[in-house]
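Undergrad: Residue numbers (the working numbering): 22 to 493.
1) Could you name the residues of the same chain whose beta carbon sits closer than 7 Å to that of residue 473, not counting the 5 residues immediately before and after it, in chain order?
2) Apply the 10 Å Cβ neighbour rule to residue 77 and answer buried if 16 or more other Cβ atoms are within range, or exposed otherwise.
3) Taking all protein chains shown into account, decide if residue 398 is buried (16 or more other Cβ within 10 angstroms of its Cβ) or exposed.
4) Excluding five sequence neighbours on each side, which residues of the same chain lie with their C-beta closer than 8 Å to the C-beta of residue 267?
5) Going by DSSP, which residues form a beta bridge with residue 405?
6) According to DSSP, is residue 493 part of a helix, a strand, or is it coil?
7) Using only the alpha-carbon positions, how far apart do residue 90 and residue 40 sit?
8) Go through the stretch 416-484 residue by residue and report every complete run of the alpha helix (DSSP H) that reaches 4 residues or more, in order.
9) Excluding the 5 residues preceding and the 5 following residue 493 in the sequence, name in chain order all residues of the same chain whose CB lies nearer than 8 Å to its CB.
10) With three or more beta-carbon pairs closer than 8 Å as the criterion, would you say the stretch 128-139 touches the stretch 45-65?
11) Counting only the same chain and skipping the five closest in sequence on each side, list residues whose C-beta sits under 8 Å from that of residue 135.
12) Going by other Cβ atoms of all chains shown within 10 Å of its Cβ, with 16 needed for buried, is residue 103 buried or exposed?
13) Excluding the five sequence neighbours on either side, which residues of its own chain have a C-beta within less than 6 Å of the C-beta of residue 169, listed in chain order?
14) Tell me whether the stretch 371-388 and the stretch 318-330 touch, counting them as touching only if at least three CB pairs, one residue from each stretch, are closer than 8 Å.
15) Is the distance from the Cβ of residue 189 to the Cβ of residue 93 below 8 Å?
16) Compare the Cα-Cα distances from residue 32 to each of 205, 442 and 292 and report the closest residue.
17) Under 8 Å by Cβ, that's how I've got residue 312 and residue 439 pegged, so tell me the actual separation to the nearest angstrom.
18) Pull up the distance between the alpha-carbon of residue 418 and that of residue 401, whole angstroms please.
19) Look at the alpha carbon of residue 446 and the alpha carbon of residue 58, and state the distance between them as a whole number of angstroms.
20) Locate the alpha helix (DSSP H) running through residue 172, then write down its first and last residues.
21) Would you decide whether residue 177 is buried or exposed? Buried here means 16 or more other CB atoms lie within 10 Å of its CB.
22) Pull up the distance between the alpha-carbon of residue 504 and that of residue 118, whole angstroms please.
23) In whole angstroms, give me the CA-to-CA distance for residue 223 and residue 194.
24) With a floor of 4 residues, list each alpha helix (DSSP H) that falls wholly inside the stretch 292-326, ordered by position along the chain.
25) In terms of alpha-carbon separation, which member of 385, 147, 139 and 143 lies closest to residue 153?
26) Check whether the Cβ atoms of residue 204 and residue 121 lie closer than 8 Å to each other.
27) Just confirm the distance between the C-beta atoms of residue 199 and residue 278, as a whole number of angstroms; I'd bet it's less than 8 Å.
28) Looking at residue 276 and residue 236, is the spacing between their C-beta atoms short of 8 Å?
29) Just grab the DSSP bridge partners of residue 140 for me.
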C-alpha cells in the first residue's frame, strides 16, 4: 500500500474509532453537571463540619475530558491545608467523603490507596472522594495522592487540542490489555498515556515511537534534565518531580507487549486492536482443552481483598512455588494467577509432565563465588559430576521414586516450605485444594472459566486483533 493511502486509512480509522470511544456532547454535559453538583454538596458538608478551609476539586481525566466514553470515573479531591495532621486528614476526609456520596444517592464503600477513601457508584458513574494535601511543589508532598494536584496543573493547559488523540491512545492501550498501572495489570497509567501523547504529538506518532523502543528506554520532554538513575524497562521522569519515574509500574512483560502490539498495529491497522475479538470456549470446548493439558491448580480462599496487596503477594507465591517445582525436576512451561478479588484465588501451572523426571540436572555455583560455596557443592552426593558448564559447576541426580506435582505441592504447601506475603501464605496453608486439568471446570466462578479460556489460548488480545485483521 502506498504511503499516502496508508495514512489515509489511518485517518479514516481514527475517525471511526473516535465515534465509539470519545465521550459524546451529551455525556460530557451530564458529567460536568454531576461534577458541579458534587463540588457544591462537598462545600456544604465541609462547611457543616467546620472544614471550610478544605477545597473540593475535580481532578484526573474527567476534569481534562480525556476519559473513555461510558467509563466515567470522577476523582473528587478534598484538598486540606498542609498544617492539618495526617491522622485528621484521613479520618475526617473519609467521613466527609462518605457523607457527600450517600447524601447524593451513591452506593458507598471504603477503599484504600495510601489511606482510606470513599468510593461511590450511581447510574453508570463512579466517584472517588480522596482526601489529599493542597500542594504547589513536589517538595511539599506528604502522601502519594498529593501528586494528582501537580499532575493536573501540568497537563490541563498543555494538552488542549490533544484530547481526542489521548482518548484514542488510551482506547488502543486498553484494547491491547496494556492500560492500567494497578498491581493486577502492571501496565500504563492514564497519566503516563497523556504524557506520552503530549511528548510525541498525536496518537499515530506515539504508536510509531513505541514500536521503536528498546529496554531501558528513556522518554522525556526537551526541557527536562534526566539526571536520576532508574532501573526500569521504561523511564519517563515525572515533569512535576524528576526524582520519580512515572513508568515505574510498567512491568517488563507489558513494556515488550506494547512494542509487539504497536508493531503489529502498524502492520495491519484495524479497529480490532481497540475492540479485540475475545471468543470464549464453550463448556465442552473448555473441558476438552483442559483434558489435553498438564495443568495443576491451587485453589484457595483468602481474606486479602485489597488488590494492590493481593496481586503482588499472589505473584510472589507463584514464583516461589515455581522455583520449588523446577528444583524438584519439573519443567514449568507456563504459569499464572487469578482472583475474583472477593476472597477466591488460583495459582496455576502448566507442566510438560505430571511426574518428576527420573534424572534431574543440579546447577552448581559459578567460579566467581568463595571457596566454601564451591566445596559445599562438590561434596554433595551427586549421581554424576560435577563438571564445568559455561562459568559454573553442574551435576546430575537420579530420583528413585518420582513424585507427582500434585503430591509435591500438597506436601510443600502443608509444611509452609515456600515464600509469599504473610497474609496470603497463612490463608493458603490453612485452606487449599489442588485441582488437576479437567477438575478445574468444577469451580463455580464464571470469571475464572473465562480466564482459563484465555490462558489455554495463550494469545494476548493484540495478537488476536492482528490475526483477524486484513493486511493493509
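Just so you know, even glycine gets a beta-carbon here, dropped at the ideal spot from N, CA and C.
TA: Looking at the coordinates:
1) As a position in the chain shown, residue 473 is number 452, starting the count at 1. Excluding residues within five positions, the ones whose Cβ falls inside 7 Å are 307 and 461.
2) Taking the first residue of the chain shown as position 1, residue 77 is located at position 56. With 16 or more other Cβ atoms within 10 Å, it is buried.
3) Sequence index remark: in the chain shown, residue 398 carries index 377 (1-based). Buried, because 16 or more other Cβ atoms sit within 10 Å of the Cβ of residue 398.
4) Working through the chain shown from its first residue, we reach residue 267 at position 246. Cβ within range, chain order: 210, 212, 213, 216, 257, 258 and 259.
5) Taking the chain shown and counting its residues from 1, the one referred to as residue 405 is at position 384. 417.
6) Counting from 1 along the chain shown, the entry for residue 493 is found at position 472. Residue confidence is low: residue 493 scores 48 on pLDDT, short of 50, so the model does not pin down where it sits. Its coordinate-derived value is still stated next. Looking at residue 493 - three-state DSSP - the assignment turns out to be coil, as it is neither helix nor strand.
7) Indexing the chain shown from 1 puts residue 90 at position 69. Indexing the chain shown from 1 puts residue 40 at position 19. Rounded to the nearest angstrom, the two C-alpha atoms are 9 Å apart.
8) 426-435, 443-451 and 467-478
9) Position 472 of the chain shown, counted from the first residue, corresponds to residue 493. Note that residue 493 scores 48 on pLDDT, short of 50, meaning its location in the model is unreliable; the coordinates nonetheless yield the value given after this. Result list for residue 493: 22, 27, 30, 288, 289 and 290, in chain order.
10) no
11) As a position in the chain shown, residue 135 is number 114, starting the count at 1. Excluding sequence neighbours, residue 135 sits near 164, 165 and 166.
12) On the chain shown, position 82 is the one that residue 103 refers to. Exposed: under 16 other Cβ atoms inside 10 Å.
13) On the chain shown, residue 169 is found 148 positions in, with the first residue counted as 1. Taken in chain order, the residues that qualify are 80.
14) no
15) Here the question's residue 189 lines up with position 168 in the chain shown. Here the question's residue 93 lines up with position 72 in the chain shown. No, these two residues do not count as a Cβ contact at 8 Å.
16) As a first step, residue 32 is located in the chain shown; it is residue number 11 there, counting from the start. Per the Cα distances, 292.
17) Within the chain shown, numbered from 1, the residue matching residue 312 stands at position 291. Within the chain shown, numbered from 1, the residue matching residue 439 stands at position 418. Not confirmed; about 28 Å, so no contact.
18) As a first step, residue 418 is located in the chain shown; it is residue number 397 there, counting from the start. As a first step, residue 401 is located in the chain shown; it is residue number 380 there, counting from the start. Distance between the alpha carbons of residue 418 and residue 401 is about 10 Å.
19) Residue mapping note: residue 446 aligns to position 425 of the chain shown, counting from 1. Residue mapping note: residue 58 aligns to position 37 of the chain shown, counting from 1. Cα-Cα distance, rounded: 45 Å.
20) As a working note, residue 172 is residue 151 in the chain shown. Element bounds for residue 172: 168-179.
21) Sequence index remark: in the chain shown, residue 177 carries index 156 (1-based). By the neighbour-count rule (16 or more Cβ atoms within 10 Å), residue 177 is not buried but exposed.
22) Any answer about residue 504 is impossible in this case: the structure gives the chain only from 22 up to 493.
23) Reading the chain shown from its first residue, position 202 is the one you call residue 223. Reading the chain shown from its first residue, position 173 is the one you call residue 194. Approximately 14 Å between the Cα atoms of the pair.
24) 304-313
25) The residue you call residue 153 lines up with position 132 of the chain shown. The residue with the shortest Cα to Cα distance from residue 153 is 139.
26) In the chain shown, residue 204 corresponds to position 183, counting from 1. In the chain shown, residue 121 corresponds to position 100, counting from 1. No, they are not a contact pair.
27) Position 178 of the chain shown, counting from 1, holds the residue named residue 199. Position 257 of the chain shown, counting from 1, holds the residue named residue 278. Contact flag correct, Cβ pair sits at about 6 Å.
28) For the purposes of this step, residue 236 is taken as residue 215 along the chain shown, with counting starting at 1. For the purposes of this step, residue 276 is taken as residue 255 along the chain shown, with counting starting at 1. In contact: residue 236 and residue 276 (Cβ atoms closer than 8 Å).
29) Locating residue 140 in the chain shown gives position 119, where the first residue counts as 1. BP columns for residue 140 point to 130 and 149.
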